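Residue numbers (my numbering): 28 to 649.
Note that beta-carbon positions come from the ideal geometry of N, C-alpha and C, so glycine has one too.
All figures in this text were calculated on a predicted structure; none of them were measured in a lab.
In what follows, a structure is listed as structure tokens, so that the remarks can point back to it.
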Amino acid sequence: MSYLPLTFLFPLVGFLILAIFRDRLSENVAALVGVGSMALSALVAALVGFEFLHIPVGDHAIAAHQVLWTWMQVGSFAPAFGLHLDGLALTMTGIITGVGFLIHLFASWYMRGEVGYARFFSYMNLFVASMLLLVQGDNLVLLYLGWEGVGICSYLLIGFYYSDLANGRAAIKAFTVTRVGDVFLAIAMFLLFRELGTLNIQEIIQRAPELIANSANVQLIALMILGGAMGKSAQIPLHTWLADAMAGPTPVSALIHAATMVTAGVYLIARLHPVFLMAPNILEFVGQVGAVGVLVAGFSALAQTDIKRVLAYSTMSQIAYMFLALGVGAWQAAIFHLMTHAFFKALLFLSSGAVIIATHHEQNIFKMGGLWKKIPFVYVCFLVGGGALAALPFITVGFYSKDTILWQAWASGHQGLFYAGLLGAFLTSVYTFRLIWTVFHGQPNGHAHAIKGSSYWLPLSVLLVLSTAVGALIHPPLAGVLPDFKALAQFEHDEHFIEYLSIATALGGVLVGFILFSGKRTLVNKFNQTTIGAGLGYWLYNACGFDALFDIIFTKPFLFIARLVKSDPVDKFWSIVPAIVRGGNAMATKGQSGSLRGYAASTAFGAIILLFALLAIQVMGK
28 MSYLPLTFLF
38 PLVGFLILAI
48 FRDRLSENVA
58 ALVGVGSMAL
68 SALVAALVGF
78 EFLHIPVGDH
88 AIAAHQVLWT
98 WMQVGSFAPA
108 FGLHLDGLAL
118 TMTGIITGVG
128 FLIHLFASWY
138 MRGEVGYARF
148 FSYMNLFVAS
158 MLLLVQGDNL
168 VLLYLGWEGV
178 GICSYLLIGF
188 YYSDLANGRA
198 AIKAFTVTRV
208 GDVFLAIAMF
218 LLFRELGTLN
228 IQEIIQRAPE
238 LIANSANVQL
248 IALMILGGAM
258 GKSAQIPLHT
268 WLADAMAGPT
278 PVSALIHAAT
288 MVTAGVYLIA
298 RLHPVFLMAP
308 NILEFVGQVG
318 AVGVLVAGFS
328 ALAQTDIKRV
338 LAYSTMSQIA
348 YMFLALGVGA
358 WQAAIFHLMT
368 HAFFKALLFL
378 SSGAVIIATH
388 HEQNIFKMGG
398 LWKKIPFVYV
408 CFLVGGGALA
418 ALPFITVGFY
428 SKDTILWQAW
438 ASGHQGLFYA
448 GLLGAFLTSV
458 YTFRLIWTVF
468 HGQPNGHAHA
478 IKGSSYWLPL
488 SVLLVLSTAV
498 GALIHPPLAG
508 VLPDFKALAQ
518 FEHDEHFIEY
528 LSIATALGGV
538 LVGFILFSGK
548 RTLVNKFNQT
558 TIGAGLGYWL
568 YNACGFDALF
578 DIIFTKPFLF
588 IARLVKSDPV
598 DKFWSIVPAI
608 VRGGNAMATK
618 GQSGSLRGYA
628 ASTAFGAIIL
638 LFALLAIQVM
648 GK
């Protein structure tokens, strides 16, 4: 267990080496440092996990806690730079280092020949180090350091191609929107410290029952934590940055969506679940946020034409499933789906990167077509990854995790959330079929070439296997860390019925997708040519108008106020005083003319005024 700090120190050292030497390193050396540091981190994580899983359950709390030093001390507030490893942190560490290593390996192939090769890997290494600090930190201050670290790294990586103004704007947008959530989390930390006098996560978990259930304070704390999670995990309404984040290189998209950033919000809520158990109304709201996100993202994905934006909205949808699971008390199911999602979403994003390279950096799916002949291995990867996304039964990993969420939503008595999740599953199957069929079947609409390289096919091969039912054999060690789910008595015999219903929904979505999008797409084309169809398509393409809404509510008023105060009216008001002084000075200096006649006249004029004043005083006195 003493090796635990090395999991984030290796990528941190890799970042420092790459950041210091940067362009002085060759691509091979930069790849060796960037990918090698991640390989060492993953190796150490595997060793730590092996040791942890062989410790008797009762000893986990002691053996998995390390205090490196006292970070700061202000009175009684003395947060440590300490690490805590339990089943939840181990699961997250394994995902971050394992999937992160595969993404780094793929990136060493994908980014060849790009300007800033070493700079890219320095940001990627820092991204992983920050995320590991976030999940391993034993207190919320350390967690917040990692939280802000992944925020700044997302800004740097989304805007990696900064010479294009649109990419810079996408990076600023991601940074700004997620900062809103960060403010909420900071407020939650202040409130927790006020109520419990500590920010140590284990102490908060143990002392959460001291909070008054359903009180205004505990509900506000839970709501602020949820706000932070919504920002990082791109849930409505703080989701508008996620699709624009596709401006970054494709391995960045894979890292953000599969192993780091967007999973942080799910981890935060799961980690602080005792607080939410004391605020059941807010916990219910978490599920409702997830249900709305599943539907909005599913419909939006149907209208996208960029291969990466389709996958971006699918991520929002799958993270929303995790929120839905958290909201119904299916804590372990949410983390299980987080793990399986990391497998198949990394596979899909990296496969889309291979498609982009093969098609000479084309991303419009309607300029592709017929690619299964040119890149058959990538086609197989997309079939498996897409099948897992659509939860095709028995053979894909997504079936086992998503169906668990749907079953537990039903069995917890949240039928409304269950039906929203079921409709979301149907939409997922439809847009997944649309994506795969458009890209790999039909008539070729562009030029493509075969691709090769071990650092391209090796990570895809590993992720492909993990995205099948094999991945479902990995069971996160969450017993004793997160509450077990218990079905309500009236629903406990419905499990097989729900399973059959979800299978039928997934397969029905594939069938509808085939009817709508294979062949000449007659029905879809006719609908798109109608006024309603065109308007609906435009609305869904633009994520249901949230950007336009925020532009009206926030951006335009801000710019209006900025135009009003750009000349600083406050400073102008106070400038009246020096203006008066300058005016008086100007009048006084004009009198210093050097003319004896002028001086005599002014003296006489002054004397006359004094005489009139004295006469006035005497008259008033009588």
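Along the chain, where does the beta strand (DSSP E) containing residue i start, and where does it finish?
i      : result
Gln359 : Run containing Gln359: none in the beta strand (DSSP E); it sits in the alpha helix (DSSP H), Trp358 to Ala385.
Leu110 : Ala107 to His111
Leu117 : Premise fails: Leu117 lies in the alpha helix (DSSP H), Gly114 to Tyr137, not in any beta strand (DSSP E).
Whole angstroms is fine: what's the gap from residue i's alpha carbon to residue j's?
i      : j      : result
Val60  : Leu129 : 14 Å
Phe541 : Trp464 : 8 Å
Gly254 : His266 : 12 Å
Ile579 : Ala297 : 35 Å
Leu543 : Tyr406 : 21 Å
Gly167 : Gln359 : For the sequence presented, residue 167 should be read as Leu rather than Gly. So the two alpha carbons sit approximately 22 Å from each other.
Leu36  : Val497 : 31 Å
Ala477 : Pro307 : 54 Å
Gly625 : Phe639 : 21 Å
Pro278 : Phe376 : 7 Å
His87  : Tyr340 : The predicted model places His87 with a pLDDT of 47, which falls under 50 and marks its position as unreliable; any figure quoted below should be read in that light. Taking the straight line from one Cα to the other gives about 38 Å.
Ile527 : Ser545 : For the sequence presented, residue 527 should be read as Tyr rather than Ile. Computed Cα separation, rounded: 26 Å.
Ile82  : Leu33  : 20 Å
Ile89  : His111 : Residue confidence for Ile89 is low, a pLDDT of 46 falling below 50, so the modelled location carries little weight; the figure read from the coordinates is stated next. Taking the straight line from one Cα to the other gives about 9 Å.
Leu444 : Leu31  : 39 Å
Met641 : Gln619 : With the sequence shown as reference, residue 641 is identified as Leu, and Met is not the correct amino acid for it. Taking the straight line joining both Cα atoms gives about 28 Å.
His520 : Ala575 : 46 Å
Leu505 : Thr118 : 8 Å
Leu398 : Ile422 : 24 Å
Gln233 : Asn555 : 56 Å
Leu184 : Met273 : 10 Å
Met647 : Leu637 : 15 Å
Leu39  : Trp98  : 18 Å
Tyr565 : Leu338 : 18 Å
Ala499 : Leu115 : 17 Å
Glu78  : Leu70  : 13 Å
Ile530 : Gly102 : 58 Å
Leu450 : Ile383 : 31 Å
Would you mind sorting residue i into buried or exposed? The rule is 16 or more other CB atoms within 10 Å of its CB.
i      : result
Ser260 : buried
Val316 : buried
Arg221 : exposed
Asp113 : buried
Ser629 : exposed
Thr655 : Outside the displayed range of the chain (28 to 649) lies residue 655, so it cannot be described from this structure.
Asn55  : exposed
Thr386 : buried
Phe632 : exposed
His388 : exposed
Ala643 : exposed
Relative to the C-alpha of residue i, which residue among the options is closest?
i      : options                           : result
Gly109 : Leu170, Leu67 and Val155          : Leu170
Asn152 : Ser64, Leu351, Asp333 and Gly633  : Ser64
Gln390 : Leu398, Ile334 and Phe370         : Ile334
Ala243 : Leu226, Ile263 and Leu218         : Leu218
Glu175 : Gly208, Ser439, Cys571 and Phe426 : Gly208
Val551 : Gly320, Arg461 and Gly473         : Arg461
Met288 : Trp96, Val592 and Leu161          : Leu161
Leu493 : Leu416, Phe79, Ile179 and Val177  : Leu416
His468 : Ser103, Ala198, Lys394 and Leu310 : Lys394
Ala452 : Ala107, Met251, Gly325 and Trp434 : Gly325
Thr120 : Thr290, Asn612 and Leu172         : Thr290
Gly480 : Leu419, Ile402 and Ala286         : Ile402
For the alpha helix (DSSP H) containing residue i, name the first residue and the last one.
i      : result
Gln93  : Segment His92 to Thr97 is the beta strand (DSSP E) holding Gln93; no alpha helix (DSSP H) there.
Val75  : Glu54 to Leu80
Pro264 : Unbroken run through Pro264: none, as it is neither H nor E.
Gln435 : Val424 to Ala438
Thr277 : Thr277 to Ala281
Asn194 : Leu192 to Leu223
Met343 : Ile334 to Gly354
Pro301 : His300 to Leu304
Arg146 : Tyr144 to Gln163
Ile239 : Segment: none, Ile239 is in no alpha helix (DSSP H) and carries neither H nor E.
Gln517 : Segment: none, Gln517 is in no alpha helix (DSSP H) and carries neither H nor E.
Leu183 : Leu167 to Ile185
Gln315 : Pro307 to Ala328
Hey, would you say the C-beta of residue i is under 8 Å away from at least one heavy atom of the ligand NAP?
i      : result
Gly356 : For the ligand NAP, the structure offers nothing, since it holds no ligand at all.
Every unbroken alpha helix (DSSP H) inside the stretch 519 to 563 [4 residues or more]: Taken in chain order, the whole alpha helix (DSSP H) runs of length 4 or more contained in the stretch 519 to 563 are 522 to 544 and 549 to 555.
Those runs of the alpha helix (DSSP H) which lie wholly inside the stretch 445 to 513 and span at least 4 residues: Under the rule that a run must span 4 or more residues, the alpha helix (DSSP H) segments found entirely inside the stretch 445 to 513 read 481 to 493.
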